[in-house]
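In the working numbering, the protein residues as written are 702 to 995.
Read the structure below first, then the notes.
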(Lines of atoms letter the chains of each structure in order from A; the text may use other names.)
(Lines give C-alpha, C1' and ligand atoms only; values in the text may rest on other atoms or scores of the structure.)
Protein backbone atom coordinates (compact mmCIF):
# COMPACT_ATOMS: atom_id res chain seq x y z
CA UNK A 702 0.00 0.00 0.00
CA UNK A 703 1.21 3.49 -0.88
CA UNK A 704 0.39 6.47 1.34
CA UNK A 705 0.84 10.21 0.83
CA UNK A 706 2.81 11.77 3.69
CA UNK A 707 4.09 15.18 4.70
CA UNK A 708 7.61 15.92 3.54
CA UNK A 709 9.98 14.35 6.10
CA UNK A 710 12.82 16.66 5.11
CA UNK A 711 13.69 19.09 2.34
CA UNK A 712 11.24 19.25 -0.53
CA UNK A 713 10.22 21.19 -3.64
CA UNK A 714 6.72 22.42 -4.54
CA UNK A 715 6.42 20.15 -7.56
CA UNK A 716 6.48 16.83 -5.66
CA UNK A 717 4.31 14.82 -3.32
CA UNK A 718 5.88 12.48 -0.79
CA UNK A 719 4.77 8.89 -0.30
CA UNK A 720 5.70 5.71 1.51
CA UNK A 721 4.99 2.25 0.15
CA UNK A 722 5.16 -1.05 2.02
CA UNK A 723 6.62 -3.47 -0.53
CA UNK A 724 8.80 -6.57 -0.51
CA UNK A 725 9.05 -6.63 3.27
CA UNK A 726 10.34 -3.07 3.60
CA UNK A 727 9.09 0.52 3.45
CA UNK A 728 10.24 2.77 0.63
CA UNK A 729 9.94 6.54 0.54
CA UNK A 730 9.47 8.13 -2.86
CA UNK A 731 8.27 11.34 -4.42
CA UNK A 732 6.01 11.82 -7.42
CA UNK A 733 5.49 14.70 -9.85
CA UNK A 734 3.69 15.30 -13.10
CA UNK A 735 0.23 14.14 -14.13
CA UNK A 736 0.57 12.98 -17.72
CA UNK A 737 2.98 11.36 -20.13
CA UNK A 738 4.98 8.18 -19.86
CA UNK A 739 6.41 7.34 -16.42
CA UNK A 740 10.07 7.62 -15.46
CA UNK A 741 11.65 6.28 -12.28
CA UNK A 742 14.81 8.04 -11.03
CA UNK A 743 17.23 5.92 -9.00
CA UNK A 744 19.99 7.66 -7.05
CA UNK A 745 23.54 6.60 -6.33
CA UNK A 746 25.95 7.24 -3.42
CA UNK A 747 26.11 9.32 -1.29
CA UNK A 748 22.67 10.42 -2.38
CA UNK A 749 18.92 10.12 -1.89
CA UNK A 750 15.97 11.20 -4.05
CA UNK A 751 17.14 14.76 -3.33
CA UNK A 752 19.90 14.28 -5.92
CA UNK A 753 17.18 14.84 -8.55
CA UNK A 754 15.35 17.79 -7.04
CA UNK A 755 16.63 20.21 -9.71
CA UNK A 756 15.89 17.74 -12.52
CA UNK A 757 12.35 16.67 -11.58
CA UNK A 758 10.47 19.88 -12.54
CA UNK A 759 11.81 19.78 -16.13
CA UNK A 760 10.91 16.12 -16.58
CA UNK A 761 7.49 16.47 -14.93
CA UNK A 762 6.28 18.94 -17.56
CA UNK A 763 5.87 16.02 -19.98
CA UNK A 764 6.17 12.88 -17.86
CA UNK A 765 4.99 11.27 -14.67
CA UNK A 766 8.11 11.25 -12.54
CA UNK A 767 8.96 9.10 -9.53
CA UNK A 768 12.18 9.36 -7.51
CA UNK A 769 12.79 6.73 -4.86
CA UNK A 770 14.99 6.38 -1.82
CA UNK A 771 16.49 2.90 -2.11
CA UNK A 772 16.24 0.67 0.92
CA UNK A 773 18.76 1.83 3.50
CA UNK A 774 18.90 5.35 2.03
CA UNK A 775 17.04 8.58 2.67
CA UNK A 776 13.71 8.18 4.40
CA UNK A 777 13.21 4.56 3.35
CA UNK A 778 13.61 1.86 5.99
CA UNK A 779 17.17 1.00 6.96
CA UNK A 780 18.59 -2.18 5.50
CA UNK A 781 19.31 -5.27 7.57
CA UNK A 782 22.60 -7.14 7.47
CA UNK A 783 22.92 -9.05 4.20
CA UNK A 784 21.09 -6.50 2.05
CA UNK A 785 22.23 -6.72 -1.59
CA UNK A 786 21.58 -5.21 -4.99
CA UNK A 787 19.28 -8.18 -5.64
CA UNK A 788 17.09 -7.02 -2.76
CA UNK A 789 17.13 -3.46 -4.09
CA UNK A 790 16.05 -4.68 -7.54
CA UNK A 791 13.24 -6.72 -6.03
CA UNK A 792 12.16 -3.66 -4.04
CA UNK A 793 11.93 -1.57 -7.19
CA UNK A 794 10.02 -4.22 -9.11
CA UNK A 795 7.55 -4.43 -6.22
CA UNK A 796 7.24 -0.63 -6.11
CA UNK A 797 6.58 -0.33 -9.85
CA UNK A 798 4.02 -3.11 -9.56
CA UNK A 799 2.37 -1.41 -6.57
CA UNK A 800 2.16 1.87 -8.44
CA UNK A 801 0.75 0.19 -11.53
CA UNK A 802 2.84 2.35 -13.86
CA UNK A 803 4.95 -0.20 -15.71
CA UNK A 804 6.58 -0.31 -18.10
CA UNK A 805 8.66 2.70 -17.08
CA UNK A 806 11.69 4.59 -18.28
CA UNK A 807 14.44 3.83 -15.77
CA UNK A 808 17.15 6.41 -15.04
CA UNK A 809 19.87 5.32 -12.64
CA UNK A 810 23.24 6.66 -11.66
CA UNK A 811 26.44 5.57 -9.99
CA UNK A 812 26.28 2.52 -7.69
CA UNK A 813 22.61 1.94 -8.61
CA UNK A 814 23.88 0.34 -11.82
CA UNK A 815 23.88 -3.17 -10.37
CA UNK A 816 20.32 -2.74 -9.14
CA UNK A 817 19.22 -1.46 -12.54
CA UNK A 818 20.92 -4.32 -14.42
CA UNK A 819 19.31 -6.92 -12.18
CA UNK A 820 15.88 -5.31 -12.44
CA UNK A 821 15.87 -5.16 -16.22
CA UNK A 822 17.51 -8.52 -16.82
CA UNK A 823 15.08 -10.22 -14.41
CA UNK A 824 12.02 -8.29 -15.63
CA UNK A 825 12.65 -6.96 -19.15
CA UNK A 826 8.97 -6.20 -19.54
CA UNK A 827 9.23 -3.51 -16.86
CA UNK A 828 11.53 -1.19 -18.85
CA UNK A 829 10.55 1.19 -21.64
CA UNK A 830 14.12 2.46 -21.79
CA UNK A 831 17.28 2.88 -19.72
CA UNK A 832 19.13 6.10 -18.95
CA UNK A 833 22.50 5.29 -17.37
CA UNK A 834 24.15 8.29 -15.72
CA UNK A 835 27.82 8.09 -14.62
CA UNK A 836 27.20 4.39 -14.04
CA UNK A 837 29.43 1.32 -13.95
CA UNK A 838 28.90 -2.38 -13.36
CA UNK A 839 30.77 -5.07 -11.51
CA UNK A 840 32.41 -7.39 -13.99
CA UNK A 841 32.92 -4.55 -16.45
CA UNK A 842 35.59 -2.48 -14.74
CA UNK A 843 33.78 -1.00 -11.76
CA UNK A 844 35.75 -3.11 -9.28
CA UNK A 845 38.88 -1.14 -10.14
CA UNK A 846 37.40 1.75 -8.17
CA UNK A 847 37.93 -0.35 -5.05
CA UNK A 848 41.67 -0.77 -5.74
CA UNK A 849 43.51 2.17 -4.23
CA UNK A 850 46.76 1.06 -5.91
CA UNK A 851 45.09 1.77 -9.26
CA UNK A 852 43.61 5.13 -8.33
CA UNK A 853 40.48 3.75 -6.69
CA UNK A 854 38.77 5.18 -3.63
CA UNK A 855 39.26 4.16 -0.02
CA UNK A 856 35.56 4.48 0.82
CA UNK A 857 34.54 1.33 -1.05
CA UNK A 858 36.53 -0.99 1.19
CA UNK A 859 35.55 1.01 4.26
CA UNK A 860 31.86 0.68 3.49
CA UNK A 861 32.13 -3.00 2.57
CA UNK A 862 34.01 -3.97 5.75
CA UNK A 863 31.67 -5.14 8.55
CA UNK A 864 30.92 -2.44 11.11
CA UNK A 865 33.40 0.13 9.79
CA UNK A 866 30.84 2.58 8.41
CA UNK A 867 29.04 2.90 11.74
CA UNK A 868 32.36 3.12 13.57
CA UNK A 869 33.99 5.79 11.40
CA UNK A 870 31.16 7.72 9.73
CA UNK A 871 28.46 7.94 12.40
CA UNK A 872 28.34 11.43 13.85
CA UNK A 873 30.53 12.79 11.04
CA UNK A 874 27.99 12.77 8.22
CA UNK A 875 28.15 16.44 7.27
CA UNK A 876 31.94 16.42 7.40
CA UNK A 877 32.22 13.25 5.29
CA UNK A 878 29.75 14.49 2.69
CA UNK A 879 30.64 18.17 2.72
CA UNK A 880 34.41 18.02 2.96
CA UNK A 881 35.17 14.80 1.07
CA UNK A 882 32.43 13.03 -0.92
CA UNK A 883 30.90 15.82 -2.96
CA UNK A 884 33.94 18.14 -3.27
CA UNK A 885 36.16 15.29 -4.46
CA UNK A 886 34.01 14.52 -7.50
CA UNK A 887 32.37 17.77 -8.55
CA UNK A 888 33.70 20.07 -11.24
CA UNK A 889 31.80 23.10 -9.91
CA UNK A 890 32.54 23.61 -6.20
CA UNK A 891 29.31 25.59 -5.81
CA UNK A 892 27.01 23.01 -7.42
CA UNK A 893 26.28 21.12 -4.20
CA UNK A 894 25.15 23.68 -1.66
CA UNK A 895 25.34 23.60 2.13
CA UNK A 896 21.57 23.04 2.11
CA UNK A 897 22.04 20.01 -0.13
CA UNK A 898 24.71 18.62 2.19
CA UNK A 899 22.45 19.15 5.19
CA UNK A 900 19.59 17.26 3.54
CA UNK A 901 21.77 14.30 2.57
CA UNK A 902 23.39 14.25 6.02
CA UNK A 903 19.98 14.34 7.73
CA UNK A 904 19.18 10.81 6.62
CA UNK A 905 22.68 9.33 6.61
CA UNK A 906 22.87 10.35 10.28
CA UNK A 907 20.04 7.99 11.21
CA UNK A 908 20.96 4.90 13.20
CA UNK A 909 22.41 2.54 10.56
CA UNK A 910 21.95 5.29 8.00
CA UNK A 911 24.82 3.92 5.89
CA UNK A 912 23.23 0.45 5.66
CA UNK A 913 22.05 0.82 2.07
CA UNK A 914 25.47 1.95 0.86
CA UNK A 915 27.12 -0.89 2.75
CA UNK A 916 24.91 -3.44 1.02
CA UNK A 917 25.38 -2.05 -2.47
CA UNK A 918 29.16 -1.75 -2.18
CA UNK A 919 29.49 -5.26 -0.78
CA UNK A 920 27.41 -6.42 -3.72
CA UNK A 921 29.63 -4.54 -6.15
CA UNK A 922 32.70 -6.38 -4.92
CA UNK A 923 31.03 -9.79 -5.24
CA UNK A 924 28.76 -9.82 -8.29
CA UNK A 925 31.15 -9.39 -11.21
CA UNK A 926 31.19 -13.04 -12.30
CA UNK A 927 27.41 -13.23 -12.11
CA UNK A 928 26.99 -10.05 -14.14
CA UNK A 929 29.31 -11.24 -16.88
CA UNK A 930 27.20 -14.39 -17.12
CA UNK A 931 23.98 -12.38 -17.15
CA UNK A 932 25.37 -10.24 -19.95
CA UNK A 933 25.56 -13.29 -22.21
CA UNK A 934 21.86 -12.53 -22.77
CA UNK A 935 21.81 -8.92 -23.89
CA UNK A 936 19.16 -6.44 -22.83
CA UNK A 937 16.94 -5.38 -25.70
CA UNK A 938 15.88 -1.95 -24.50
CA UNK A 939 16.63 1.55 -25.84
CA UNK A 940 19.53 2.98 -23.85
CA UNK A 941 21.05 6.39 -23.27
CA UNK A 942 24.45 6.74 -21.58
CA UNK A 943 25.28 10.06 -19.93
CA UNK A 944 28.86 10.76 -18.92
CA UNK A 945 30.37 13.56 -16.91
CA UNK A 946 33.47 13.06 -14.75
CA UNK A 947 33.83 9.49 -16.06
CA UNK A 948 33.81 10.43 -19.73
CA UNK A 949 32.84 7.50 -21.98
CA UNK A 950 33.04 4.92 -19.15
CA UNK A 951 29.25 4.65 -18.86
CA UNK A 952 28.76 4.19 -22.59
CA UNK A 953 31.51 1.57 -22.75
CA UNK A 954 29.92 -0.30 -19.85
CA UNK A 955 26.32 -0.41 -21.03
CA UNK A 956 27.34 -1.20 -24.61
CA UNK A 957 28.49 -4.57 -23.27
CA UNK A 958 25.10 -5.50 -21.81
CA UNK A 959 22.73 -4.05 -24.42
CA UNK A 960 21.89 -5.52 -27.81
CA UNK A 961 21.91 -2.63 -30.23
CA UNK A 962 23.37 0.88 -30.39
CA UNK A 963 23.67 2.98 -27.25
CA UNK A 964 23.00 6.69 -27.54
CA UNK A 965 25.60 8.71 -25.69
CA UNK A 966 25.88 12.22 -24.30
CA UNK A 967 29.06 13.54 -22.71
CA UNK A 968 28.60 16.66 -20.60
CA UNK A 969 31.79 18.72 -20.62
CA UNK A 970 32.85 20.49 -17.46
CA UNK A 971 30.59 18.34 -15.26
CA UNK A 972 31.71 16.10 -12.42
CA UNK A 973 30.25 12.84 -11.19
CA UNK A 974 27.04 14.21 -9.65
CA UNK A 975 25.43 15.17 -12.93
CA UNK A 976 21.87 15.72 -11.71
CA UNK A 977 23.09 18.20 -9.10
CA UNK A 978 25.70 19.91 -11.25
CA UNK A 979 23.98 20.15 -14.61
CA UNK A 980 20.27 19.45 -14.17
CA UNK A 981 19.35 21.62 -17.14
CA UNK A 982 21.66 19.86 -19.60
CA UNK A 983 20.83 16.44 -18.19
CA UNK A 984 17.11 17.21 -18.45
CA UNK A 985 17.43 18.23 -22.10
CA UNK A 986 19.41 15.09 -22.91
CA UNK A 987 16.85 12.82 -21.22
CA UNK A 988 13.84 14.54 -22.76
CA UNK A 989 15.35 14.46 -26.23
CA UNK A 990 16.03 10.74 -25.80
CA UNK A 991 12.56 10.00 -24.40
CA UNK A 992 10.91 11.85 -27.28
CA UNK A 993 12.35 9.24 -29.63
CA UNK A 994 10.86 6.43 -27.53
CA UNK A 995 7.24 7.63 -27.49
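Think of the CB as a built atom: it goes at the ideal place given N, C-alpha and C, for glycine as much as any other residue.
Keep in mind it's a predicted model, so treat the numbers as computed, not measured.
Contacting residues, own chain, Cβ-Cβ under 6 Å from residue i (five flanking each side not counted)
i: residue 825; result: none
i: residue 780; result: 772, 773, 912, 913, 916
i: residue 755; result: 980
i: residue 718; result: 706, 708, 731
i: residue 759; result: 984
i: residue 767; result: 730, 732, 741
i: residue 939; result: 830, 994
Cβ neighbours of residue i in the same chain (closer than 8 Å, five flanking residues each side left out)
i: residue 948; result: 967
i: residue 846; result: 837, 853, 854, 857
i: residue 960; result: 935, 936, 937
i: residue 878; result: 747, 898, 901, 902, 905
Residue i classed as buried or exposed, judged by whether at least 16 other C-beta atoms fall within 10 angstroms
i: residue 732; result: buried
i: residue 830; result: buried
i: residue 705; result: exposed
i: residue 749; result: buried
i: residue 736; result: exposed
i: residue 1033; result: This structure does not reach residue 1033, given that the chain is present from 702 up to 995, and the question cannot be answered.
i: residue 874; result: buried
i: residue 1022; result: Not covered by the structure: residue 1022. The range shown for the chain is 702 to 995.
i: residue 783; result: exposed
i: residue 876; result: exposed
i: residue 786; result: buried
Length of the line joining the Cα atoms of residue i and residue j
i: residue 727; j: residue 919; result: 22 Å
i: residue 972; j: residue 944; result: 9 Å
i: residue 721; j: residue 765; result: 17 Å
i: residue 812; j: residue 738; result: 25 Å
i: residue 851; j: residue 857; result: 13 Å
i: residue 763; j: residue 734; result: 7 Å
i: residue 941; j: residue 928; result: 20 Å
i: residue 921; j: residue 936; result: 20 Å
i: residue 882; j: residue 747; result: 7 Å
i: residue 955; j: residue 963; result: 8 Å
i: residue 930; j: residue 817; result: 16 Å
i: residue 990; j: residue 797; result: 22 Å
i: residue 822; j: residue 807; result: 13 Å
i: residue 751; j: residue 986; result: 20 Å
i: residue 864; j: residue 887; result: 28 Å
i: residue 799; j: residue 952; result: 31 Å
i: residue 839; j: residue 815; result: 7 Å
i: residue 969; j: residue 975; result: 11 Å
Opposing strand residues paired with residue i [DSSP bridges]
i: residue 706; result: 718
i: residue 742; result: 768, 808
i: residue 836; result: 811
i: residue 944; result: 967
i: residue 959; result: 936
i: residue 732; result: 717, 767
i: residue 828; result: 805
i: residue 723; result: 726
Cβ distance (whole Å) where residue i is taken to contact residue j below 8 Å
i: residue 834; j: residue 866; result: Not really, about 24 Å apart at Cβ, beyond 8 Å.
i: residue 820; j: residue 790; result: 4 Å
i: residue 725; j: residue 776; result: No, residue 725 and residue 776 are not in contact; Cβ-Cβ is about 17 Å, not under 8 Å.
i: residue 801; j: residue 827; result: So it is not a contact: roughly 12 Å between Cβ atoms.
i: residue 788; j: residue 729; result: At roughly 16 Å, the Cβ-Cβ gap does not stay under 8 Å, so residue 788 and residue 729 are not in contact.
i: residue 723; j: residue 795; result: 4 Å
Sequence-distant residues of the same chain with beta carbon closer than 7 Å to residue i, five excluded per side
i: residue 855; result: 849
i: residue 957; result: 841, 932
i: residue 869; result: 859
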